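Colleague: Residue numbers (the numbering used here), protein chains in the order written: chain L, 33 to 319; chain Z, 989 to 1108.
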Amino acid sequence: MSARIEPVVGRYAHLDLEGRPHRVYFEEAGQGIPLLCLHTAGSDGRQFRAVLNDPAITRHFRVVAFDMPWHGKSSPPAGWEKGDYELTTTRYTGMIMTVARELGLERPVVMGCSIGGRIVLDLAFKHARELRALIGLQSSAFGTRYYDPYWLNHAEVHGGQACGAVAYGLMSPLSPEAERWETVWHYMQGGPGVFSGDLHFYQVEGDIRACLGEIDTSVCPLYLLTGEYDYSASPADTQAAAAKIQGAKVTIMKGLGHFPMSENPDAFLGHLRPVLEDIRTAARGAS
Amino acid sequence: MIDKLPDLVNADSAIVRWGRHLNATFLVEVGEVQYLLTVRAGRIESVEQGPLVMRAWSFAIRASADAWSRFWRKVPEPGWSDLFALLRRGDVRFEGDQRVLMAYLLYLKLVLAAPRKLAA
């Protein structure tokens, strides 16, 4: 055998979400502090391929990236064909806490990007004591619609190509071509209406602004890392949220866009490793 | 820059392929200057510079000369790197048949960014 085999293992978990059985795909690598990764709207856990493959991280962290139901290799629940998919704050937060519990992740670090960067703010507000630390990538507390996702799920528009086109532009022109187009490919593989269903949370329902002042980062540290080329969750959007959260630590990542972990893995890991080291040092100090 | 698009696009199969089913005429405005582009199977068949009188088009993409010049830099600054970046900042307007525009969004993004290849 001569193929290079990654140390990443993918498995399926059966669990109930909102009282309905689900088959959820997750990948994991490493041992130690659990690090649960949340992919962006309309994509899947492959975005975290570099984090899962980084020995400097997996030496000390059990990295877990799951595909949300409807995304990647996770199935939608039975009966999906009868209605539209729509993500909400309650549904999203409930899903993350259930997955963490059912996979036996004890006081995990949760790291999410875009919609995941939004929901970590809700987790910081509602579940700080159950979590070790939170890392928001491309975090914003709210976003207004500047394009109509109606066209992303329309029989006369190729959804894969349209969703891919939206994702394409959100990346930095300085990120490596191959990684950018890999990121676009994930978007092109999304199911019909899934990206726009996630955008219901991102552009309509998921408004975390009122909770920001209540977040206690002394209970659960909060790190916010944002790529400068993102115009969906821009550095200004992250800084506006952080200004209302005492103790939030902001890093603006030069030359990166909306999908830092996927569009430019090497540059992103350079920003992530010190954050994880910080979290590990704090964990050692506490034990 | 718009007049350079036939040479920039038609020679680049990596762009043409995304528009292979597009047969349409659309308008691009660079400030006050109008350009009518006709696409056949992803190739830019013609670019007509205005003023145009009573011409029909499927959709229009309008931005100021300054916005386009920032968009066409070799490496645009953050906030100017993509058509949708201009859309979010309110510096581009999409008019007409949005379905066609969205169906060929990837093609249009690549076509309209092609002048970056000529930037110093």
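Glycine included, C-beta positions come from ideal geometry on N, C-alpha and C.
Just so we're clear, the structure is a prediction, and the values are computed from it rather than from any experiment.
(1) Determine which residues of the stretch 1061 to 1087 of chain Z have a Cβ less than 8 Å from any Cβ of chain L, and write them out in chain order.
(2) Identify whether Q63 of chain L lies in helix, strand or coil by the three-state DSSP scheme.
(3) With DSSP run on the structure shown, which of helix, strand or coil describes M989 of chain Z?
(4) Start and end of the alpha helix (DSSP H) containing H303 of chain L?
(5) By alpha-carbon positions, which one of Z:W1060, Z:V1099 and Z:Q1086 ends up nearest to L1025 of chain Z?
(6) If you draw a straight line from the C-alpha of M127 of chain L to the C-alpha of I990 of chain Z, how long is it?
(7) Measure the C-alpha to C-alpha separation of H190 of chain L and L1106 of chain Z and round it to an integer number of angstroms.
(8) Comparing C-alpha positions only, which one of L:N296, L:D180 and L:S171 sits nearest to I240 of chain L?
(9) Secondary structure at D180 of chain L, three-state DSSP: helix, strand or coil?
(10) Going by DSSP in three states, D86 of chain L sits in which element: helix, strand or coil?
(11) Can you find a CB in chain Z that lies within less than 9 Å of the CB of Q193 of chain L?
(12) Can you give me the start and stop residues for the alpha helix (DSSP H) that V1004 of chain Z sits inside?
(13) Counting contacts by CB-CB distance shorter than 9 Å, is A1015 of chain Z in contact with chain L?
(14) Does any residue of chain L have a CB that is nearer than 9 Å to the CB of K1097 of chain Z?
(15) Assuming V1063 of chain Z and A1012 of chain Z form a contact by the criterion Cβ under 8 Å, report the distance between their Cβ atoms to the nearest whole angstrom.
(16) Report all residues from its chain with a CB closer than 6 Å to the CB of L70 of chain L; omit the five preceding and five following residues, and keep chain order.
(17) Please name the residue in L:V142, L:G168 and L:P224 whose C-alpha comes closest to that of A194 of chain L.
(18) Would you call the stretch 1002 to 1016 of chain Z and the stretch 309 to 319 of chain L touching, i.e. three or more CB-CB distances under 8 Å?
(19) According to DSSP, simplified to helix, strand and coil, what is H232 of chain L?
(20) Could you tell me whether the Cβ atoms of A1102 of chain Z and L993 of chain Z are closer together than 9 Å?
(21) Going by the DSSP bridge assignment, what does H54 of chain L pair with across the sheet?
(22) Please name the residue, chosen from L:L202, L:Y57, L:F58 and L:V96, that lies closest to D262 of chain L on a Cα-to-Cα basis.
(23) What is the DSSP secondary structure of N1017 of chain Z, reduced to helix, strand or coil?
(24) Using only the alpha-carbon positions, how far apart do P306 of chain L and D86 of chain L sit?
(25) Can you list, in chain order, the stretches of the alpha helix (DSSP H) that have 4 or more residues and sit fully within the stretch 193 to 224 of chain L?
(26) Please name the residue in L:S228, L:H159, L:C252 and L:S294 whose C-alpha comes closest to that of H320 of chain L.
(27) At least one CB of chain Z closer than 9 Å to the CB of Y255 of chain L: is that the case?
(28) Hey, would you say A272 of chain L sits closer than 9 Å to A156 of chain L, going by beta carbons?
(29) Quick test of your reading: V95 of chain L and L135 of chain L, contact by CB under 8 Å. State the CB separation rounded to the nearest angstrom.
(30) Taking 9 Å as the CB-CB limit, is M1090 of chain Z close to chain L?
(31) Going by other Cβ atoms of all chains shown within 10 Å of its Cβ, with 16 needed for buried, is M285 of chain L buried or exposed?
(32) Name the chain L residues whose beta carbon is nearer than 9 Å to that of L1100 of chain Z?
(33) What does A197 of chain L touch in chain Z if you count any residue whose Cβ is under 7 Å from its own?
(34) Can you round the beta-carbon distance between F1059 of chain Z and E1083 of chain Z to whole angstroms, since I take them to be within the 8 Å contact cut?
(35) Give a yes or no on contact between the stretch 248 to 264 of chain L and the stretch 286 to 294 of chain L, applying the rule of three or more CB pairs nearer than 8 Å.
(36) Just to confirm before moving on: does the CB-CB distance between P39 of chain L and L137 of chain L stay below 9 Å?
Modeller: In terms of the structure at hand:
(1) V1063, P1064, P1066, G1067, S1069, D1070, L1071, F1072, A1073, L1075, R1076, R1077, Q1086 and R1087
(2) Within the first sequence, the letter at position 31 stands for residue 63 of chain L. Coil at Q63 of chain L, not helix or strand.
(3) Position 1 of the second sequence, counting from 1, holds the residue named residue 989 of chain Z. M989 of chain Z: coil per DSSP, three-state reduction.
(4) As a position in the first sequence, residue 303 of chain L is number 271, starting the count at 1. Counting along the chain, the alpha helix (DSSP H) containing H303 of chain L begins and ends at P297 to A318.
(5) The count along the second sequence starts at 1 and reaches residue 1025 of chain Z at position 37. The residue with the shortest Cα to Cα distance from L1025 of chain Z is Z:V1099.
(6) Numbered from 1 along the first sequence, position 95 holds the residue referred to as residue 127 of chain L. Numbered from 1 along the second sequence, position 2 holds the residue referred to as residue 990 of chain Z. The alpha-carbon atoms of M127 of chain L and I990 of chain Z are separated by roughly 49 Å.
(7) Here residue 190 of chain L refers to the residue found at position 158 of the first sequence. Here residue 1106 of chain Z refers to the residue found at position 118 of the second sequence. Cα-Cα distance, rounded: 31 Å.
(8) Here residue 240 of chain L refers to the residue found at position 208 when the first sequence is read from its first residue. Closest option to I240 of chain L, Cα to Cα, is L:S171.
(9) Within the first sequence, numbered from 1, the residue matching residue 180 of chain L stands at position 148. DSSP places D180 of chain L in coil when its eight states are reduced to three.
(10) Indexing the first sequence from 1 puts residue 86 of chain L at position 54. If DSSP states are grouped into helix, strand and coil, D86 of chain L belongs with coil.
(11) Locating residue 193 of chain L in the first sequence gives position 161, where the first residue counts as 1. For Q193 of chain L, the answer is yes, since a Cβ of chain Z falls inside 9 Å of its Cβ.
(12) What you label residue 1004 of chain Z is simply residue 16 of the second sequence in a count that begins at 1. For V1004 of chain Z, the enclosing alpha helix (DSSP H) starts and ends at S1001 to V1004.
(13) Within the second sequence, the letter at position 27 stands for residue 1015 of chain Z. For the sequence presented, residue 1015 of chain Z should be read as Leu rather than Ala. No - not a single Cβ of chain L is within 9 Å of the one on L1015 of chain Z.
(14) Residue numbering aside, residue 1097 of chain Z sits at position 109 when the second sequence is read from its first letter. So, interface residue.
(15) By 1-based counting over the second sequence, the position of residue 1063 of chain Z is 75. By 1-based counting over the second sequence, the position of residue 1012 of chain Z is 24. Not confirmed; about 30 Å, so no contact.
(16) Translated into the one-based positions of the first sequence, residue 70 of chain L becomes position 38. G144 and G148, listed in sequence order.
(17) As a first step, residue 194 of chain L is located in the first sequence; it is residue number 162 there, counting from the start. Comparing Cα positions, the closest option is L:P224.
(18) In short, these stretches do not touch, since the Cβ pair count stays below three.
(19) Within the first sequence, numbered from 1, the residue matching residue 232 of chain L stands at position 200. Reduced to three states, the DSSP call for H232 of chain L is helix.
(20) Within the second sequence, numbered from 1, the residue matching residue 1102 of chain Z stands at position 114. Within the second sequence, numbered from 1, the residue matching residue 993 of chain Z stands at position 5. Going by C-beta atoms, A1102 of chain Z is nearer than 9 Å to L993 of chain Z.
(21) Sequence index remark: in the first sequence, residue 54 of chain L carries index 22 (1-based). Bridge partners of H54 of chain L: L:L47.
(22) Within the first sequence, the letter at position 230 stands for residue 262 of chain L. Measuring from the Cα of D262 of chain L, the nearest candidate turns out to be L:L202.
(23) Here the question's residue 1017 of chain Z lines up with position 29 in the second sequence. Note that residue 1017 of chain Z corresponds to Glu in the displayed sequence, not to Asn. E1017 of chain Z falls in the strand class under three-state DSSP.
(24) Your numbering for residue 306 of chain L matches position 274 in the first sequence. Your numbering for residue 86 of chain L matches position 54 in the first sequence. Their backbone Cα atoms lie some 13 Å apart in a straight line.
(25) 209 to 220
(26) A query on residue 320 of chain L cannot be resolved here, the shown segment of chain L reaching from 33 to 319 and no further.
(27) Position 223 of the first sequence, counting from 1, holds the residue named residue 255 of chain L. With 9 Å as the cut-off, Y255 of chain L does not count as an interface residue toward chain Z.
(28) Along the first sequence, one-based indexing puts residue 272 of chain L at 240. Along the first sequence, one-based indexing puts residue 156 of chain L at 124. Taking 9 Å as the Cβ cut-off, A272 of chain L and A156 of chain L do not qualify as a contacting pair.
(29) The residue labelled residue 95 of chain L in the question sits at position 63 within the first sequence. The residue labelled residue 135 of chain L in the question sits at position 103 within the first sequence. Not confirmed; about 12 Å, so no contact.
(30) Taking the first residue of the second sequence as 1, we reach residue 1090 of chain Z at position 102. At least one chain L Cβ lies under 9 Å of M1090 of chain Z.
(31) For the purposes of this step, residue 285 of chain L is identified with residue 253 of the first sequence, where counting begins at 1. Buried, because 16 or more other Cβ atoms sit within 10 Å of the Cβ of M285 of chain L.
(32) Position 112 of the second sequence, counted from the start, is the residue given in the question as residue 1100 of chain Z. Ordered by position in chain L, no residue passes the 9 Å Cβ test against L1100 of chain Z, which lies about 11 Å from the chain.
(33) For this step, residue 197 of chain L is matched to residue 165 along the first sequence. Correct list: L1093, L1094 and K1097.
(34) Position 71 of the second sequence, counted from the first residue, corresponds to residue 1059 of chain Z. Position 95 of the second sequence, counted from the first residue, corresponds to residue 1083 of chain Z. Their Cβ separation, rounded to whole angstroms, is 18 Å, which puts F1059 of chain Z and E1083 of chain Z out of contact at 8 Å.
(35) yes
(36) Translated into positions along the first sequence, residue 39 of chain L becomes position 7. Translated into positions along the first sequence, residue 137 of chain L becomes position 105. Result no, Cβ atoms of P39 of chain L and L137 of chain L do not sit closer than 9 Å.
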